[in-house]
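Asker: So the sequence shown is numbered by numbering that gives the first Met the number 0: it starts at 0 and just counts up by one. We put the CB at the ideal spot given by N, CA and C, even for glycine.
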Amino acid sequence: MGPIVRTFSYNDSIIVSKALNADNKEGGENKLQDEMDVESDNDDNNGEDDNGNGEEENNEDDDDDNNEDDDDDNNEEDDDDDNNEDDDDGNNEDDDDDIYGGENVYYDDDGDNVDENEMEEDYDLGVDDSIIDDSSNVIFKFIHLLASMNEPPILDTAHEDTIVDSSLDNDHMSKINGSFAPYFENATFALLFCWIQKHNISTNAYNDLVEILQHQKFEVKDVVKNIRRFRQWRNRLPLMPIRTCSIKINPKKTPSTSKETKPCYYLSIRDIIQNILNNPSLYNSLYFGPGIEAEEKKEFWHRDLWAESPLFGQDKITINEEIYRPSEFAIYKENGNRKFGRIRSIVSVNDELQIKIQRIYTYDELPNNFHCHSRMNTRESQLWLVDQYLEEGSIIANTTNEIVRKIDITIVRDSTIITDGLFIKTILYKNNGRWKLRDATLDYMHPCEYSVLNPPPPQYNNLRVLKIFIDIYYDDFGGVYIQVGNMPYDMRQQLHNHFVLGFVPFGGYFEEFIRPFIRDIKRLEKGVLMNVQGINCWVVAGLGCVTADLPQGNDLTGVKRHGAIKGCRTCLAAKENATDITLDIANISRYHHITNTQFEDIITAPTQKERSDLAKEYGLHTILPILDQLQRERHLQSPQDIYHLIAGKMSKLLKLTISMLSPEGERRFIREWKSFKYPHQWSKLPNPISHLESFMMSDHLRLGMVMPFILNRFLVSNCLKPQEMEKLQVRTNLNRNQVINAIVKCWAIVAKCSRLAFKNSLTNNDYIVLEKYLKMEQKALIELFDDFVDLPNLHANCHLLRHARTFGTLTNTKVGTKEMVHRIFKNMVPRTNRKNIEFDLLKHYTTLQSIRYLADGGIDPRNLRSSIEFMNISQDFNHLFKDWFIMKNSEMDDEELLEVCSQSSQFRNIMLRKPISVRNTNIVIDTTFQIDLSLAYESFGYHASMINKTFSFYKYASYISGEAQHHLNIDDVVTIQVADYGESYAVIKGIFKHKSNDGYFYPFIYIDWFEDADKNHDKLDCPIFVLCRDDFYRNIFPLTVIDKVRKVHFVHDCNARCKDSHDSENKRYLKNDFFFEAI
C-alpha cells in the first residue's frame, strides 16, 4: 500500500506557529519567519549585483554627509563607478523577483503583505523545516499536534528540493581515454584543476598564466623552483627608496600595551617628482608655463591660483625694459583713458603674454551712493579696489601699448600704517546684488605676498625651470597620496597617475608623519637641480592644493570640525545660521593673515582656560596646522570636496523623500523605478526603499540624476502620507498640488546644481549659472525641509563658486578618484602578513611603479638608459598588463575585438566588438541604406562606387581620442558634428563595418536624429526633443563624426498611455540636463 500524502497547508502552519509560540515565549527566535526582505532589482540595468561587485563602501555615516554635530570621522571611501560594458558577456543576473513567483513583493513598515497569495506560498512548511528550542521538547509537541489532525502528516514527494549541482550521469559524460579517464583528458588538466581549486585562482589570474605559458618567449627550463628568487630580483629594479623614521603614537587610539613610538615608512616627494619627470609617457604630457586665458576653463592653469602664484605661473614680464610682476600696481590705458590697476597675473592669450589687471576706482568712479564728504576729502590719495570677480572687476591689457608705467600704491591692512602716497583701505564689491564696501583686510592676499620664487644660482641661470603643482590628499585611514597638477585633467583621473607618499601607522600622528614631506617641499620651494630626460633642469615645486574629506580638511587648516560653533574652514558663519541665504560671505570669510593673528592670541594666552575659550570663539585648534610651514593660503588652498558634499546632500534628500511616501506612493515609486530606462553603462542600483542604507555615494549621485523624472511620472497628492502633506503645506503655505510641484522642482534644482558642480570645464557664463543654482538649491531645500537648515553640506554652497574660480573647476579638487586609489590599497591589506602593513604596502607599490616606469620607457639612473625589452613585453602580453591600476588599460584583450581603419587622425585604435545579426537591429538594408553609405564615404573623401555589398554589425565600439578612451554602445545618445546639421544629438541604432574597394574595413554608425522642439518641460526645465524616423535625414555617418559619447542621456516624456511600455506614437523625449559623470 502506497504512502498516504497530506499537504501541510498555510492554515495548519498558523495553528502550529501559535502552538509553538505558546510554549516558547523567550523572544522571536523561533517564529517560522521573522521578517521578509524582498529586494526589487532594476530590470533595465545590466551590470553588477547590488553590492556593486565590491566597488565602493557605504558612506552613510560619514561626517561630511549627514551628521552635523559629530566631530568624529566615520568616513569610508567611495570607489569606482566603472563602466560595465564588458559585463554583458553573460553576466546579467536573474531578478530576485523570480524567487517569489515572478512578482515584486513589498512589505510596509507594519509587515503587511501586499500579495497574500504569495505570502501563503512562502509560509508553506517543507519536510525539512524544523523549529528547535533548547528549553522545551518542541519537536515532540509538533508531532503530537500533527497526530491530532484528521490525516497523518506524511512526506509530500512533490515538495522535494531541486538539485542545482551534481555529477554528470554516465550518459552525459563525453568519452575520453587516458590514465585520468573518465575525469580529465590528461595529467595537465588534472594538475591545473587541482591547483585552481587549492588556491581559488580567479579567471583573470588563470588567463595571465595561460598567456605566459603559451608565449613563444616562455621557456620551461627558466622556471625557478624557489619563489624567494623573485624577491631577490625585485631589488634589481629601479625602485624608489623607501625611507623610515619614528613617530609618536596617540595612546588614546592604541591598546595600553602599545609602544610610545612606531616606525613609519614613506617615499620622498623628491624621488616621486624625479620618477615622474624621467618617465617619457608622463613628462611629455606635463604642462609647464603661464596661466592660460581660455574660453573653457578645465585645467589648473586656466584659473587664478596657477596664474597668480610665482611657484606655478609666470612670475615676471619685461615691458619697455621695465620688469612687471603680479601683485604690483600700474597705470594702463582703457579706451584712451589712463586708469589705475593692480596686476593680478601674467597670462597667455592666443600664445601671447598679456597682463590681467584688477581695476582700481578713483572717487569719481565710485557708485553715487558712496559719494560723501569724508571720502571727497581724501580723493587725492585714496583709491578703491574693485572685487576682481565682478563683471567690471578685471580686464586683460595688451603689453604692447596699454601698459603705461608702474606706480606705488599701498594696501592698508593695519590701521597703524601711515602713508603719504596713494593708498587703498576698502574694496568695492556686491552682496546679493547690492553695492557694498568692506575693509581691505577682508580679502585673500595675493599669492605673491606669501609665496617667493628664488632665482637659480648664477651657474644655473641658463637651465630650464620646471615648476611643479603638488596636490596632496589625506584620508583618515592613513593613506597620503600625491597628484601633480601639471598633468591634464583626463590624465589626473586615471588611477595610475595617483602617487603614494606613504601610510600613517595606526594610532600615529599625521603631523609627525608629514614632517619629511614638509622638509622636502621647503627645499623644492627654493629650487633644486635635477637631471630630467638626460638634461639638467632647475625644478621648483609648491603645495598647490590640499584635498580631504570635510573633517580631515578642517584638521589640516587648523579649524575645529563642523560640530563646533564655528566649524567651517572657509568662513566664520556660526552653526545656527550656516544656511542663511543673506550671509555676506566675503565679509565673514577666513583669511590666512587674520587667522594668523587669532592663532597668535590663542598660543600666547597665559592660561589653558583662556586658550580654550579663545579657540572656541575663533573655531580654531590651539596649535598651528603643520602644513603652515609651507607657502600657502591655508583657507583658499583647502577647498571643499564636492564628491562628499553633494553625495551627502543627495543621501539626505533621498531619505526624506522616501520617508514621506505613503504605501501607494511606495508602490508607484517602485513601479516607475523598475521601468525607468537608465544609462546602460550604469551598474545595477539596489531598491532605494529597502536598501537605501546600503547605497554607495555613487549610487546617491546617479539616482539623483533621474529622480526628478521618476517623481514627475508618478507623484500625486495621495502618494504622500497625510501627516507629511500637512506638514509641508504648513511650512510652505501651498495647496496640495503646489506641494507636489514644489517637491519635483526642488529635485530638479538639486540635480541641475549637481551637474553644474561636476562639469569638467566651465565658461565665464557657467560660473554665473553655477552661482545662481547654488543659491536656488539652498533656498529650495530649506524652504521644504527643516533637516537642511544649518546643514554643513548645504552651507558649503556658499564657497563652491570661489573654489571653482581658484582652481578652474570643482572637479579639479574632488576626491572621488583619489578614494578609488585608496580603496585599492585597503583591499591589499588582507594579502599582507599584517605584521608590518605599511612597509609591505609600500614595497608592493614601489615594485609596481618600477615595472610601470620601465614599461613606459623610463630611464634607469644607474645606467642612464631605457629597457627596450620591458617596453616590448608590456605590449606583447596584453592580458597580463591590463586591468592593473599602474598601467593604461588595453583594449586588445579579447579575440572578439576587431580593429578597423579610422577615417580621422583624431580617432585611433577603433575596435568593434560582439558581432550581432542585422535582424536584431531593426535596420533595413535597402537602396536608401546604400545611398546613405555612399554619402558617408564621400564625407571623408572616398568617391568610388561600392563593390562590396555585405555589412557586419556589432554591439560595441571603442576608440581613443586624445588621451581618453571612449566606448560606444547601441542605444547610446551622442553629440555628432556634421557640416549640414551642425552639432546635433542622435541615438545609435547600429554600429557596422564595411569593406571598401581598397580592401580596408571602415566603421560606420546608423543613427536616428533628435529634433529640438525649442521649448522646455514646465516642471523639470529640461529641453524637449522629438525622435525623427523618416527619410528626410541621413542615417549613416562615419563613426568619427561623434563629438561626445556618454555625456548625454535622453528620457522618454511619458504620457497617460505609457503603462507597461512606452507609447510608440509618443516620440517626445527630454534631454537629461541633470546627467554627469561623477567619477
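(1) Secondary structure at residue 984, three-state DSSP: helix, strand or coil?
(2) Less than 7 Å between the beta carbons of residue 697 and residue 1077, yes or no?
(3) Note down, in chain order, each residue of its chain lying with its Cβ closer than 7 Å to the Cβ of residue 396, except the 5 sequence neighbours on either side.
(4) Using only alpha-carbon positions, find the residue among 216, 230, 825 that is nearest to residue 479.
(5) So what does DSSP say about residue 747, is it helix, strand or coil?
(6) Under the three-state reduction of DSSP, which class applies to residue 243: helix, strand or coil?
(7) Return the chain-ordered list of same chain residues with a C-beta closer than 8 Å to the C-beta of residue 863, the five sequence neighbours on each side being excluded.
(8) Have a look at 749, 792, 801, 786 and flag the residue whose alpha-carbon is nearest the alpha-carbon of residue 767.
(9) If contact is defined by three or more beta carbon pairs under 8 Å, each pair taking one atom from either stretch, is the region 497 to 506 in contact with the region 465 to 485?
(10) Taking only the alpha-carbon atoms, compute the straight-line gap between residue 167 and residue 209 and give it to the nearest angstrom.
(11) Would residue 1081 be called buried (16 or more neighbouring beta carbons within 10 Å of its own) or exposed?
(12) If I measure Cβ to Cβ from residue 709 and keep anything under 8 Å in the same chain, skipping five residues before and after, which residues do I get?
(13) Output needed for residue 179: all residues of its chain with C-beta closer than 6 Å, excluding positions within five of it in sequence on either side, in chain order.
(14) Does the beta-carbon of residue 1012 have 16 or more other beta-carbons within 10 angstroms, so that it is buried, or is it exposed?
(15) Tell me whether residue 370 sits in a helix, a strand or coil according to DSSP, three-state version.
(16) Would you list, in sequence order, the uninterrupted alpha helix (DSSP H) runs of no fewer than 4 residues that lie entirely inside the region 603 to 647?
(17) Which residues does DSSP list as the beta-bridge partners of residue 468?
(18) Just how far apart, CA to CA, sit residue 646 and residue 699?
(19) Mapping DSSP to helix, strand and coil, what is residue 989?
(20) If we count Cβ pairs, one from each stretch, closer than 8 Å, do we get three or more for the region 518 to 534 versus the region 273 to 287?
(21) Comparing alpha-carbon positions, which option in 453, 164, 903, 467 lies nearest residue 959?
(22) Under a three-way DSSP split, which group does residue 589 fall into?
(23) Determine the direct distance from the alpha carbon of residue 574 to that of residue 1074, and round the result to whole angstroms.
(24) Considering only the beta carbon of each residue, do residue 292 and residue 346 sit closer than 7 Å?
(25) Drop a sphere of 10 angstroms on the beta-carbon of residue 999, count the other beta-carbons inside from all chains shown, and report buried for 16 or more, exposed for fewer.
(26) Quick check on residue 134: buried or exposed, where buried means 16 or more other Cβ atoms within 10 Å of its Cβ?
(27) With burial defined as no fewer than 16 other Cβ atoms inside 10 Å of the residue's Cβ, what is the status of residue 446: buried or exposed?
(28) Is the separation between the beta-carbon of residue 578 and that of residue 789 shorter than 7 Å?
(29) When the Cα of residue 243 is compared with those of 512, 1055, 945, which residue comes out closest?
(30) With H, G and I counted as helix, E and B as strand and the rest as coil, what does DSSP make of residue 949?
(31) Specify the secondary structure class of residue 801 as computed by DSSP and reduced to three states.
(32) Whole angstroms are fine: how far does the CA of residue 745 sit from the CA of residue 780?
(33) Tell me the start and end of each unbroken alpha helix (DSSP H) in the region 291 to 336 that is at least 4 residues and wholly inside, in chain order.
(34) Does the Cβ-Cβ distance between residue 939 and residue 1022 come in under 7 Å?
(35) Can you tell me which residues form a DSSP beta bridge with residue 1027?
Answerer: According to the structure data:
(1) Mapped onto the sequence shown, residue 984 falls at position 985. Residue state, collapsed to three classes: strand.
(2) For this step, residue 697 is matched to residue 698 along the sequence shown. For this step, residue 1077 is matched to residue 1078 along the sequence shown. A contact, by the Cβ cut-off of 7 Å.
(3) For the purposes of this step, residue 396 is identified with residue 397 of the sequence shown, where counting begins at 1. Cβ neighbours of residue 396 beyond the five flanking positions: 331, 353, 354, 356, 402.
(4) Here residue 479 refers to the residue found at position 480 when the sequence shown is read from its first residue. Minimum Cα distance to residue 479 is reached at 825.
(5) Stepping through the sequence shown from its first residue, residue 747 is reached at position 748. In the structure shown, residue 747 falls within a helical segment according to DSSP collapsed to helix, strand and coil.
(6) In the sequence shown, counting from the first residue as 1, residue 243 sits at position 244. The answer is strand: DSSP assigns residue 243 an E or B state.
(7) Within the sequence shown, the letter at position 864 stands for residue 863. Result list for residue 863: 533, in chain order.
(8) In the sequence shown, the residue the question calls residue 767 occupies position 768. If we check each option's Cα against that of residue 767, 801 comes out closest.
(9) In short, these stretches touch, since the Cβ pair count reaches three.
(10) The residue you call residue 167 lines up with position 168 of the sequence shown. The residue you call residue 209 lines up with position 210 of the sequence shown. Roughly 27 Å between the two C-alpha positions.
(11) What the structure shows of the chain is the stretch from 0 to 1078, and residue 1081 is not part of that stretch, so it cannot be assessed.
(12) Taking the sequence shown and counting its residues from 1, the one referred to as residue 709 is at position 710. Hits under 8 Å: 668, 671, 672, 675.
(13) The residue given as residue 179 occupies position 180 in the sequence shown. Contacts found: 189.
(14) Taking the first residue of the sequence shown as 1, we reach residue 1012 at position 1013. Under this definition residue 1012 is an exposed residue.
(15) In the sequence shown, counting from the first residue as 1, residue 370 sits at position 371. Residue 370 falls in the coil class under three-state DSSP.
(16) 607 to 617
(17) The residue given as residue 468 occupies position 469 in the sequence shown. DSSP output for residue 468 lists 541 as bridge partner(s).
(18) As a position in the sequence shown, residue 646 is number 647, starting the count at 1. As a position in the sequence shown, residue 699 is number 700, starting the count at 1. Rounded to whole angstroms, residue 646 and residue 699 show a C-alpha spacing of 6 Å.
(19) The residue labelled residue 989 in the question sits at position 990 within the sequence shown. Residue 989: strand per DSSP, three-state reduction.
(20) yes
(21) Numbered from 1 along the sequence shown, position 960 holds the residue referred to as residue 959. Looking at the Cα atoms, 903 is the closest of the given residues.
(22) The count along the sequence shown starts at 1 and reaches residue 589 at position 590. Residue 589: coil per DSSP, three-state reduction.
(23) Here the question's residue 1074 lines up with position 1075 in the sequence shown. Here the question's residue 574 lines up with position 575 in the sequence shown. For residue 1074 and residue 574, the distance between alpha carbons rounds to 32 Å.
(24) Taking the first residue of the sequence shown as position 1, residue 292 is located at position 293. Taking the first residue of the sequence shown as position 1, residue 346 is located at position 347. Cβ distance < 7 Å, so residue 292 and residue 346 count as in contact.
(25) Taking the first residue of the sequence shown as 1, we reach residue 999 at position 1000. The residue in question, residue 999, is exposed, as its Cβ has fewer than 16 Cβ neighbours within 10 Å.
(26) In the sequence shown, residue 134 corresponds to position 135, counting from 1. Residue confidence is low: residue 134 scores 41 on pLDDT, short of 50, so the model does not pin down where it sits. Its coordinate-derived value is still stated next. Label assigned to residue 134: exposed.
(27) Numbered from its first residue, the sequence shown carries residue 446 at position 447. Residue 446 comes out buried.
(28) Against the sequence shown, residue 578 aligns to sequence position 579. Against the sequence shown, residue 789 aligns to sequence position 790. Yes, the Cβ-Cβ distance between residue 578 and residue 789 is below 7 Å.
(29) Locating residue 243 in the sequence shown gives position 244, counting from the first residue. Nearest Cα to residue 243 within the set 512, 1055, 945: 512.
(30) As a working mapping, residue 949 is identified with position 950 in the sequence shown. Assigned with DSSP and collapsed to three states, residue 949 falls in coil, not helix or strand.
(31) Taking the first residue of the sequence shown as 1, we reach residue 801 at position 802. Reduced to three states, the DSSP call for residue 801 is helix.
(32) Position 781 of the sequence shown, counted from the start, is the residue given in the question as residue 780. Position 746 of the sequence shown, counted from the start, is the residue given in the question as residue 745. In this model, residue 780 and residue 745 are separated by some 7 Å (Cα to Cα).
(33) 303 to 307
(34) Stepping through the sequence shown from its first residue, residue 939 is reached at position 940. Stepping through the sequence shown from its first residue, residue 1022 is reached at position 1023. Cβ distance not < 7 Å, so residue 939 and residue 1022 don't count as in contact.
(35) Counting from 1 along the sequence shown, the entry for residue 1027 is found at position 1028. Beta-bridge annotation (DSSP): residue 1027 is paired with 1008.
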